[in-house]
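Q: Residue numbers (UniProt numbering): 1 to 89. Glycine included, each C-beta is placed from N, C-alpha and C at the ideal position. Quick caveat: nothing in here was measured; it's all calculated off a predicted structure.
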């Protein structure tokens, strides 16, 4: 009776050739590339616009906080002095 042999594992050679088949260069048409590039540039511009908006919002919030801190100091009549933590260092 013939014993069934275990499934044949690929040799190094066949694995290598399969890998090289997978990593073949993929070609795209110029039109497809230009469309992709235009979309990428549009997304890039949108991202920069969002970053600018976030920066403006941050600056607005920072200015508001500074005004609030100044008003609070004036209400308390406290002259700005170094905090005890900074003095301890």
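Determine the direct distance from the alpha carbon of residue 53 to that of residue 44, and round the result to whole angstroms.
A: Residue numbering aside, residue 44 sits at position 44 when the chain shown is read from its first letter. Residue numbering aside, residue 53 sits at position 53 when the chain shown is read from its first letter. Straight-line Cα distance between these residues: approximately 14 Å.
Q: Over the uninterrupted alpha helix (DSSP H) stretch that includes residue 28, give me the two end residues.
A: For the purposes of this step, residue 28 is taken as the residue at position 28 of the chain shown. That residue, residue 28, is in no alpha helix (DSSP H); it is neither H nor E in DSSP.
Q: Distance, Cα to Cα, residue 30 vs residue 49?
A: Mapped onto the chain shown, residue 30 falls at position 30. Mapped onto the chain shown, residue 49 falls at position 49. About 28 Å.
Q: For residue 64 and residue 55, I'd like the C-alpha separation in whole angstroms.
A: Your numbering for residue 64 matches position 64 in the chain shown. Your numbering for residue 55 matches position 55 in the chain shown. In a straight line, the C-alpha of residue 64 is about 14 Å away from that of residue 55.
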